[in-house]
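J.: Shown below is the structure under consideration.
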Amino acid sequence: MAKFTKKKSGELPAVNTASLPDIVFMLLFFFMVATVMRTDTLMIENKLPFADQVEKLDKKDLVMYIYAGKPHSRYQQKYGSEARIQLNDKFAEVSDVQQFIYSERESKREELIPYLTTALKVDIETNMGLVSDIKQELRKAEALKINYTTRIGDVTKN
Amino acid sequence: MAKRSAPEINAGSMADIAFLLLIFFLVTTTMETDRGISRKLPPIPLEDIVPPIIKQKNIFTVIVNRNNDLLVEDQLMQLQDLRMAAVEFLDNGGGVGEEACTYCQGPRDLSSSDNPEKAIISLVNDRQTKYGTYISVQNELVAAYNFLRNREAQRLYGLDYLKMEKDYNDVNYRGNKEVLKERLDEIQNMYPQKLSEAEPKG
């Protein structure tokens with residue numbers, strides 16, 4: 021008869037931990053590819069208008085963003101329902117735009133400063149009064165290269 | 524029955540699953556880039572600059588009021604007609620002698636612009652105009668310039684003007700950038716973007 025070794029009953033085999041590194045790398049790669057580059061949280065409604073004569077803004081590090089529009093419904097109690105400007109993550113006034121441009125320029129390298137452009141991401145329902153105030157401030161700060169951010173589409177849908 | 528140990532799960536294909544997931548996300552994620560109409564603002568003029576005298580026929584007035592109506596040369600116009608009207612104005616070439624335009628293909632109306640280098644489009648908004656309408660008007664005017672520049676680029680060099688610009692700004696462009704810049708400048712001087720925006724009223 022073959023020899024049967026007596027197994028101690030009730031003992032579970034040890035968990036094979038050979039694939040634990042694989043799990044760790046899988047998690048790591050998943051987060052590496054799934055995380056998004058940090059963008060500013062918009063506290064305003066920002067439905068962009070349609071246009072077709074558009075250019076791509078490829079170099080994101082050479083772009084300064086100015087957002088404008090009505091505050092989101094959850095901020096409306098605190099900030100009202102008039103169109104406002106948002107710079108980085110906070111609401112701002114028209115008079116803050118010049119200072120914002122200067123501080124953005126400080127944070128970039130000297131030789132890149134002439135290539136900086138300002139992206140105006142303005143909600144479609146905003147009035148031109150606010151937008152032209154922003155443009156006037158940009159002219160005073162000599163930030164003359166601007167880009168009106170739009171979606172691609174037929175202009176009649178505006 | 525005596526209790527048997529459960530067979531161990533073969534964990535050898537966990538790595539395969541990991542790589543499959545990795546490749547799937549590598550292939551499907553996109554980096555969204557913004558797109559928009561690029562413009563250049565005019566610098567703030569110095570105090571003592573006197574604006575030059577311009578003939579009325581060389582100015583194409585576009586007024587947008589608070590009800591988002593379009594008034595072109597004091598006549599109501601629909602948005603879809605703006606592009607053609609602007610092209611007709613810019614390409615008119617009504618000038619004679621020194622101011623004649625050799626490359627214009629327009630109607631040569633004496634009451635419209637002399638040549639594209641003198642043609643100015645003046646845009647006036649109201650403070651209550653909707654931004655969407657403003658962008659539509661900007662889009663149509665920029666489209667008019669691009670249409671004319673494209674036409675000249677095709678006629679002179681058989682190339683698309685917008686593609687030429689993109690190539691010039693492309694870091695990986697192989698061809699001769701000096702020649703490209705010269706050509707771009709030539710076409711831009713044929714139809715310079717003289718778009719003047721006044722302070723909005725109201």
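Protein sequence lines, in the order shown, are assigned to chains A and B. For the first sequence, this note's numbering begins at 21 and goes up steadily by one. For the second sequence, this note's numbering begins at 524 and goes up steadily by one. The beta carbon of each residue, even a glycine, is placed where N, CA and C say it ideally should be.
Out of B:Q711, B:Y691, B:K689, which one is the CA nearest neighbour of L679 (chain B)?
T.: Here residue 679 (chain B) refers to the residue found at position 156 of the second sequence. Selected option, being the one with the closest Cα: B:Q711.
J.: Where does N533 (chain B) land, buried or exposed, given buried means 16+ other C-beta within 10 angstroms?
T.: Taking the second sequence and counting its residues from 1, one reaches residue 533 (chain B) at position 10. Exposed, by the Cβ-count rule.
J.: Return yes when the Cβ of E113 (chain A) is within less than 8 Å of the Cβ of K90 (chain A), no when it is not.
T.: In the first sequence, residue 90 (chain A) corresponds to position 70, counting from 1. In the first sequence, residue 113 (chain A) corresponds to position 93, counting from 1. Going by C-beta atoms, K90 (chain A) is not nearer than 8 Å to E113 (chain A).
J.: Going by beta carbon distance, what residues of the same chain come within less than 6 Å of D690 (chain B), once the five residues before and after it are set aside?
T.: In the second sequence, counting from the first residue as 1, residue 690 (chain B) sits at position 167. Cβ neighbours of D690 (chain B) beyond the five flanking positions: Y696.
J.: Determine which residues share a DSSP beta bridge with I595 (chain B) and list them.
T.: Here residue 595 (chain B) corresponds to residue number 72 of the second sequence, with the count starting at 1. The displayed chain sequence assigns Val, not Ile, to residue 595 (chain B). According to DSSP, V595 (chain B) bridges with B:V585, B:Q598.
J.: Mind pulling the chain B residues with CB within less than 8 Å of V53 (chain A)?
T.: Indexing the first sequence from 1 puts residue 53 (chain A) at position 33. Residues of chain B passing the Cβ test: L545, F548, L549, T552.
J.: With 8 Å as the threshold, decide whether the Cβ of M600 (chain B) is near any Cβ in chain A.
T.: Position 77 of the second sequence, counting from 1, holds the residue named residue 600 (chain B). Not an interface residue.
J.: Using 8 Å as the threshold, is the segment 642 to 661 of chain B in touch with the segment 580 to 593 of chain B, meaning 3 or more CB pairs across them?
T.: Enough Cβ pairs lie closer than 8 Å, so yes.
J.: Are L671 (chain B) and L613 (chain B) close, meaning C-beta to C-beta below 8 Å?
T.: The count along the second sequence starts at 1 and reaches residue 671 (chain B) at position 148. The count along the second sequence starts at 1 and reaches residue 613 (chain B) at position 90. It is a contact, given that the beta carbons lie within the stated cut-off.
J.: Can you name the residues of chain A whose CB is closer than 8 Å to the CB of T556 (chain B)?
T.: As a working mapping, residue 556 (chain B) is identified with position 33 in the second sequence. Ordered by position in chain A, the residues that pass the 8 Å Cβ test against T556 (chain B) are K76, L77, D78, K80.
J.: Quick one: what's M687 (chain B) bridged to in DSSP?
T.: Working through the second sequence from its first residue, we reach residue 687 (chain B) at position 164. According to DSSP, which records beta bridges pairwise, M687 (chain B) is partnered with nothing at all.
J.: Check whether the Cβ atoms of K704 (chain B) and K165 (chain A) sit closer than 8 Å, and answer yes or no.
T.: Locating residue 704 (chain B) in the second sequence gives position 181, where the first residue counts as 1. Locating residue 165 (chain A) in the first sequence gives position 145, where the first residue counts as 1. Contact: no.
J.: Would you grab the beta carbon distance between I121 (chain A) and A88 (chain A) for me? Rounded to a whole angstrom, and I think it's under 8 Å.
T.: Numbered from its first residue, the first sequence carries residue 121 (chain A) at position 101. Numbered from its first residue, the first sequence carries residue 88 (chain A) at position 68. The Cβ separation is near 15 Å, so there is no contact.
J.: Considering only residues of the same chain and omitting the five flanking positions on each side of M554 (chain B), which have a CB-CB separation below 8 Å?
T.: Residue numbering aside, residue 554 (chain B) sits at position 31 when the second sequence is read from its first letter. Answer for M554 (chain B): no residue qualifies.
J.: Between the C-alpha atoms of A608 (chain B) and P134 (chain A), what's the straight-line distance to the nearest angstrom?
T.: Translated into the one-based positions of the second sequence, residue 608 (chain B) becomes position 85. Translated into the one-based positions of the first sequence, residue 134 (chain A) becomes position 114. The straight-line gap from Cα to Cα measures roughly 35 Å.
J.: Against T652 (chain B), what residues of chain A qualify as contacts under a CB-to-CB distance less than 8 Å, listed in chain order?
T.: Looking up residue 652 (chain B) in the second sequence gives position 129. Result: N147, M148.
J.: Are at least three pairs of beta-carbons, each pair with one atom in the segment 68 to 78 of chain A and one in the segment 166 to 174 of chain A, less than 8 Å apart?
T.: Yes, since at least three Cβ pairs between the segment 68 to 78 of chain A and the segment 166 to 174 of chain A fall closer than 8 Å, the two stretches touch.
J.: Does Q96 (chain A) get closer than 8 Å to chain B when you measure Cβ to Cβ?
T.: Here residue 96 (chain A) refers to the residue found at position 76 of the first sequence. Output row for Q96 (chain A): interface = no.
J.: Can you have a look at D153 (chain A) and say buried or exposed, based on whether 16 or more other CB atoms are within 10 angstroms of its CB?
T.: The sequence position of residue 153 (chain A) within the first sequence is 133, counting from 1. D153 (chain A) should be labelled buried.
J.: Could you please give the first and the last residue of the uninterrupted alpha helix (DSSP H) stretch that includes T551 (chain B)?
T.: Within the second sequence, numbered from 1, the residue matching residue 551 (chain B) stands at position 28. T551 (chain B) -> alpha helix (DSSP H) spans 537 to 551.
J.: Do V117 (chain A) and E157 (chain A) have their C-beta atoms closer together than 8 Å?
T.: Stepping through the first sequence from its first residue, residue 117 (chain A) is reached at position 97. Stepping through the first sequence from its first residue, residue 157 (chain A) is reached at position 137. Yes; because the gap between Cβ atoms is below 8 Å, this pair is in contact.
J.: Which ranges would you report for the beta strand (DSSP E) in the segment 52 to 133 of chain A if only whole runs of at least 3 residues count?
T.: Correct list: 83 to 89, 104 to 107, 110 to 112.
J.: When DSSP labels each residue in this structure, what does E145 (chain A) get in the three-state scheme?
T.: As a first step, residue 145 (chain A) is located in the first sequence; it is residue number 125 there, counting from the start. Coil at E145 (chain A), not helix or strand.
J.: Using DSSP with H/G/I as helix, E/B as strand and the rest coil, what is I572 (chain B)?
T.: Taking the second sequence and counting its residues from 1, the one referred to as residue 572 (chain B) is at position 49. Here I572 (chain B) sits in coil by DSSP.
J.: Label M63 (chain A) either buried or exposed according to how many other C-beta atoms from any shown protein chain fall within 10 Å of its C-beta, with 16 as the threshold for buried.
T.: As a working note, residue 63 (chain A) is residue 43 in the first sequence. Buried, since its Cβ has 16 or more Cβ neighbours within 10 Å.
J.: Over what stretch of residues does the beta strand (DSSP E) that includes L564 (chain B) continue unbroken?
T.: Taking the second sequence and counting its residues from 1, one reaches residue 564 (chain B) at position 41. Careful: L564 (chain B) lies outside any beta strand (DSSP E) and carries neither H nor E.
J.: Name the chain A residues whose beta carbon is nearer than 8 Å to that of Y657 (chain B)?
T.: Mapped onto the second sequence, residue 657 (chain B) falls at position 134. Ordered by position in chain A, the residues that pass the 8 Å Cβ test against Y657 (chain B) are M148, V151.
J.: Could I get the ranges of all uninterrupted beta strand (DSSP E) runs contained in the segment 614 to 651 of chain B, with 3 residues as the minimum, in chain order?
T.: You should have 643 to 647.
J.: Taking K80 (chain A) as the reference, give the member of B:L599, B:D557, B:L569 with the closest Cα.
T.: Position 60 of the first sequence holds residue 80 (chain A). If we check each option's Cα against that of K80 (chain A), B:D557 comes out closest.
J.: Starting from A71 (chain A), find everything on chain B with Cβ-Cβ shorter than 8 Å and list it in chain order.
T.: In the first sequence, the residue the question calls residue 71 (chain A) occupies position 51. In chain order: G559, I560, I658, S659, Q661, N662.
J.: Run down chain B in chain order and give the residues with a C-beta less than 9 Å from the C-beta of Y122 (chain A).
T.: The sequence position of residue 122 (chain A) within the first sequence is 102, counting from 1. Within chain B, no residue comes near Y122 (chain A); the closest Cβ sits about 16 Å away, beyond 9 Å.
J.: Quick one: is L107 (chain A) buried, meaning 16 or more other Cβ sit within 10 Å of its Cβ, or exposed?
T.: Start at 1 with the first residue of the first sequence, and residue 107 (chain A) comes out as number 87. By the neighbour-count rule (16 or more Cβ atoms within 10 Å), L107 (chain A) is buried.
J.: Determine the burial state of M84 (chain A): buried for a count of at least 16 other Cβ atoms within 10 Å of its Cβ, exposed for fewer.
T.: Within the first sequence, residue 84 (chain A) is the residue found at index 64, counting from 1. Result: buried.
J.: Return the Cβ separation of V175 (chain A) and S659 (chain B) in integer angstroms, given the expectation that the two are a contact with Cβ distance under 8 Å.
T.: In the first sequence, residue 175 (chain A) corresponds to position 155, counting from 1. In the second sequence, residue 659 (chain B) corresponds to position 136, counting from 1. Indeed they touch by this definition, with Cβ atoms about 4 Å apart.
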